[in-house]
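Chains as they are written, first to last, in the numbering used here: chain A, 1190 to 1338; chain B, 4 to 536. What follows is a single structure, written as structure tokens, with notes after it.
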Amino acid sequence: MSESLQLTRAQRDDLRTIAAMIVPASDEYKVPGADDAAIQADMLATLGRDIRLVSAALDHLVRLAGGPLAELDATKRDAVAQEFRKNGGAAAATLVRVVLQCYYRDDRVLRSLGLELRAPFPKGHVLPDGDWALLDPVKARGGTLRRAP
Amino acid sequence: MIKDPVDVLIIGAGASGAAVAWSLAETKMHILCLEQGGWMNPAEYPSTGRDWEAKFFGEWSSSPNVRGRPEDYPVNDDNSPIKVVNYNAVGGSTVMYTAHWPRLHPSDFKVKTLDGVADDWPVDYDALTPFYEENDRMMGTSGLSGDPLSPLTHPPMPQQPLGLSGAIIGKAMNKLGWHWWPSDTTVATMDYEGRARCINLGHCTPACAQGAKSSTDITYWPHAIRAGAELRTHCRVREITTDENGMASGVVYYDKDGVEQFQPAHVVIIACNGVGTPRLLLNSKSDRFPNGLANSSGLVGKNLMFHPYAQIYGYVKEPTDSNRAPPTCLWSKQWYDTDLSRGFVRGYGVQFVRGAGPVFEAVVSEQKGILPWGEDHHRVFRKLNGHRLGFSAICEDLPEEHNRVTLDPVLKDSHGIPAPKIDYTISENSQKMMDHALARGREVLEMAGATDICINSPIPWGGWHLLGTARMGIDPKKSVVNEWGRTHDVKNLFIVDGSIFVTSGGVNPTSTIQALALYIADQMKQRLANLFD
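Here's what the structure looks like:
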């Protein structure tokens, strides 16, 4: 099974590099980048069924870069990243999704977004009932169902 | 060991199988249901964990091909722009659905008479009305009675809150002078029949940990089992067998250990929906039925109707409900009925969508190209996240024989049973309808002040509604089952699921599927003395 596969050290390095290009750290929003050690560890620990496609995406990336992504200068790295995003297919989409799904569950990121650090269940959320007077014009307008013979 | 025959054997424990089992249980006949999946454990539902959104991309995907659980069977839908989504467990796809609960309109049963297309149904809305009502009580619906453009319903619970998103949508629709109304849903808005009220977990579609969303594992099945029905899980039926008289004699299935078994039965009811049912019939070939069981018309598997969804969404400045509410809240029937000046026949219903969670927002917006990589990512994400509003049109798909389910010559499930293959194209009429809906949706969103408008048309993984592949009718040459669900060819074989729909209407079909199942069960009970005549 694919779950028994592991990324190589070189692949992990490239994953970290591309993750930082997708979501860099921000002082303004007080958030780490997706290359943060804890977020990277979450990705590696939860790759599961995605590892085959992520591995393929990283193989594709190294072919585009001609070597480790981190060793390219910024201009070439950006060009590789653009090509990867544009034509990387399902494998690249899976890699990006893995990066984002781990990034947007990190405590520091959720705090920055003003979101609670918890699962939806069991606390749930409160939903305002709203102003049902908004429906009055619809009631006033009325209407009829199309007649069926 | 040879098993004793059961009186009634039901295949599938989802929406329709549960309803028919419950209804027939009062006869005290021996009712047995075989279900390829197992009982669900709400403690394992996605919303109980911090990784709740990520699970929807893997083990809780709505696509059986992505999910790949042992209980699932693969579907070759490469030749279809709309992919099949379903769930296989006790409760079936009611475990994994949005709980949106409109009914077909009376006019939907008379499309040939009214609009000159497709065929009229052999039953009408009035015949189903008591069963719609009974089903609403059993499933536990919430809503606001009195919608002027929908059939009259009597939900036992009040409607969901309007919330932030509903208010924005309502104001925009009012400015445009268009119809909207709080949706009937099967989300409990108060404690009901042992179910706890909705606490807005938000992640309703992939199963409700609170039990507020109605699914038949927590509604019909406990009642049916208490009434004496037997439910055997992890039993996958391979084929229905027939005897020398051409009657169904039972089924061959694989039990939870993968061992082949034969279960004899006096009556067989299929409740596997619009892909599973034709697959089973086509896999039940014999010398007497060389083209598959109950297929003398040649229509088994044909006339597949999906409901192409035309979805448009955008982002408003005000906060929306995001993932903090059930995803659906309001509907519109403004464009439901035929108006030929629009350039197409028939119409569509609309369900408005409240928003999305942060992971879904990030992943989808990145794919759409509106969420950049790099330095500007954070600013743009904060503009998008928690500000989404959606408009989804459920377009009526008319029956066309070339849209069909057949057996894949290569692909098989884990028991070696041939898998279904889907061939489907969106018709010109449906495409015009979808384009019309997108234009109206854009007007609504722009009136609400939305920007960054995006389109999914069709929603690729939107094949929830699997209809028409064993259609109902009076003429055996033009239909698979008669007006009360019995197959024309095999007099002790019944079908009660979405495959018997003649046309699709423009609304979610589950309430109608279950009303039909209850109606057919009632017809069977009334005819027990001469059921096979």
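Where is the CB? At the ideal position from N, CA and C, for every residue including glycine.
### Query
Does DSSP classify Y195/B as helix, strand or coil?
strand
### Message
Quick check on DSSP: helix, strand or coil for K115/B?
### Response
For K115/B, the secondary structure class from DSSP, reduced to helix, strand or coil, is helix.
### Query
What are the complete beta strand (DSSP E) segments, minimum 3 residues, inside the region 45-125 of chain B?
79-82
### Query
Any idea what DSSP makes of M1190/A, helix, strand or coil?
Any answer about M1190/A is weak, because its pLDDT of 39 lies below 50 and its placement is not dependable; what the coordinates show is given next. Coil.
### Query
Can you round the beta-carbon distance between G466/B and E399/B to whole angstroms, since I take them to be within the 8 Å contact cut?
About 15 Å separates the two Cβ atoms, so there is no contact after all.
### Nearest residue (CA-CA) to K1312/A, options G173/B, V88/B, S325/B and N203/B
The candidate whose alpha carbon is nearest that of K1312/A is N203/B.
### Task
Helix, strand or coil for K371/B, going by three-state DSSP, please let me know.
For K371/B, the three-state secondary structure derived from DSSP is helix.
### Query
Which stretch, first to last residue, makes up the alpha helix (DSSP H) that contains G444/B?
E431 to M450
### Task
With DSSP collapsed to three states, give me the class of R30/B.
Arg is not the amino acid found at residue 30/B; the sequence shown has Thr there. In the structure shown, T30/B sits in coil (DSSP, three-state: anything other than H, G, I, E or B).
### Query
Is it true that the CB of A102/B sits closer than 8 Å to the CB of S217/B?
Yes, they are a contact pair.
### Message
In the DSSP assignment, the alpha helix (DSSP H) including R382/B goes from what residue to what residue?
### Response
H380 to L387
### Query
Taking contact to mean at least 3 C-beta pairs separated by less than 8 Å, is the region 302-314 of chain B in contact with the region 136-156 of chain B?
no
### DSSP beta-bridge partners of P553/B
The structure shown has nothing for residue 553/B, since chain B only spans 4 to 536.
### Query
Do the region 275-290 of chain B and the region 381-390 of chain B touch if we need at least three Cβ pairs shorter than 8 Å?
no
### Message
According to DSSP, is Q1229/A part of a helix, a strand, or is it coil?
### Response
helix
### Message
Per the DSSP calculation, L470/B is bridged to which residue(s)?
### Response
M308/B
### Message
Do A518/B and L27/B count as a contact pair if the criterion is CB distance below 8 Å?
### Response
no
### Query
Residue range of the alpha helix (DSSP H) that Y257/B falls in?
From DSSP, Y257/B is part of no alpha helix (DSSP H) but of the beta strand (DSSP E) over A251 to Y257.
### Task
Run the proximity test for L1233/A: is its beta-carbon closer than 7 Å to any non-hydrogen atom belonging to the ligand NAP?
Ligands displayed in this structure: none; no statement on the ligand NAP is therefore possible.
### Message
Considering only their Cβ atoms, is the gap separating L296/B from A16/B smaller than 8 Å?
### Response
no
### Task
Pull up the distance between the alpha-carbon of G166/B and that of D536/B, whole angstroms please.
55 Å
### Query
Does any C-beta atom of chain C lie closer than 8 Å to the C-beta of V1285/A?
Among the chains of the structure shown, chain C does not appear; the protein chains present are A and B.
### Message
Just verifying my parser: in three-state terms, what is the DSSP assignment at P225/B?
### Response
helix
### Message
My assumption, with CB atoms under 8 Å, is that I14/B sits in contact with V23/B. Please give the rounded CB distance.
### Response
So it is not a contact: roughly 11 Å between Cβ atoms.
### Task
With a 10 Å radius around its C-beta and 16 neighbouring C-beta atoms as the bar for buried, classify A1227/A as buried or exposed.
exposed
### Query
For R1201/A and chain B, any beta-carbon pair shorter than 8 Å?
Cβ-Cβ to chain B under 8 Å: no for R1201/A.
#### Entry: DSSP state of E486/B mapped onto helix, strand, coil
coil
### Query
Rounded to a whole number of angstroms, what is the C-alpha to C-alpha distance between R1294/A and L496/B?
51 Å
#### Entry: Unbroken beta strand (DSSP E) run spanning P133/B, endpoints
Note, P133/B: premise wrong, no beta strand (DSSP E); alpha helix (DSSP H) at Y128 to M142.
### Message
Is it buried or exposed, S1191/A, if we count other Cβ atoms within 10 angstroms and call 16 or more buried?
### Response
Because S1191/A carries a pLDDT of 44, less than 50, the predicted location of this residue cannot be relied on, and no value is offered for it.
### Query
Pick from I425/B, K320/B, P361/B and V270/B: whose alpha carbon is nearest that of H33/B?
V270/B
### Task
Please confirm if the region 1257-1272 of chain A is in contact with the region 87-100 of chain B, defined as three or more CB-CB distances below 8 Å between the two stretches.
no
### Three-pair Cβ contact test at 8 Å for the region 122-138 of chain B versus the region 343-360 of chain B
No, the region 122-138 of chain B does not touch the region 343-360 of chain B.
### Query
Between which two residues does the beta strand (DSSP E) containing T244/B stretch?
Unbroken beta strand (DSSP E) run through T244/B: R239 to T245.
### Query
Do you know offhand how far R327/B's Cα is from S168/B's?
11 Å
### Query
So what's L1242/A in DSSP terms, helix, strand or just coil?
helix
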